[in-house]
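Step one of this worksheet: look at the structure below.
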Amino acid sequence: MAYLVKPVKPADLQAAIRLAVLRFEQYQRVRAEADGLRQALDDRKAIEQAKGIVMRRLRLDEPTAYHRLRQLSSHRNEKLIALAHRLVEFDAIFQALEELP
Numbered sequence: 005m006a007y008l009v010k011p012v013k014p015a016d017l018q019a020a021i022r023l024a025v026l027r028f029e030q031y032q033r034v035r036a037e038a039d040g041l042r043q044a045l046d047d048r049k050a051i052e053q054a055k056g057i058v059m060r061r062l063r064l065d066e067p068t069a070y071h072r073l074r075q076l077s078s079h080r081n082e083k084l085i086a087l088a089h090r091l092v093e094f095d096a097i098f099q100a101l102e103e104l105p
């Protein structure tokens with residue numbers, strides 16, 4: 005941040021504007037990085053949840069469940085995260101069906 009003291013000289017104003025623009029660009033980069041990291045964490049959580057579902061339903065160990073998810077994703081030419089989200093959604097539906105009398 006910069007402070008300008010009256011009377012403001014054109015050179016001081018130019019420097020303050022340049023500094024403000026640089027700080028804004030830096031803030032935008034940091035914010036984009038944080039958003040990317042947040043998304044990566046959310047994706048990882050969904051994949052872990054889907055892996056847990058596969059482990060529970062198919063009685064598999066963790067590496068095998070993850071391998072099966074990746075295989076299915078590859079065979080369907082679909083992103084792993086999209087498959088994970090659908091699997092979590094379907095598991096919730098099946099759990100609701102199991103709870104019905």
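Just so you know, the sequence shown maps onto residues 5 to 105 in our numbering.
Each residue gets a CB set at the ideal place from its N, CA and C atoms; glycine is no exception.
Source: prediction; values computed, not measured.
Beta-carbon proximity list for residue 20, same chain, < 7 Å, skipping 5 on both sides: Here residue 20 corresponds to residue number 16 of the sequence shown, with the count starting at 1. The answer, listed in chain order, is 6 and 8.
- request: Report back the beta-carbon spacing between residue 73 and residue 44 to the nearest angstrom; my notes put them in contact at under 8 Å.
  value: As a working mapping, residue 73 is identified with position 69 in the sequence shown. As a working mapping, residue 44 is identified with position 40 in the sequence shown. Contact doesn't hold; Cβ gap of about 17 Å is too wide.
query: Buried or exposed: which applies to residue 26, given that a residue is buried once 16 or more other Cβ atoms fall within 10 Å of its Cβ?
result: For the purposes of this step, residue 26 is taken as the residue at position 22 of the sequence shown. Residue 26 comes out exposed.
message: Looking only at its chain, what residues have a beta carbon closer than 8 Å to the beta carbon of residue 80, apart from the 5 residues adjacent to it on each side?
response: Indexing the sequence shown from 1 puts residue 80 at position 76. Correct list, in chain order: 87.
query: Does the beta-carbon distance from residue 69 to residue 59 come in below 8 Å?
result: Locating residue 69 in the sequence shown gives position 65, where the first residue counts as 1. Locating residue 59 in the sequence shown gives position 55, where the first residue counts as 1. In this structure, residue 59 lies closer than 8 Å to residue 69 by Cβ.
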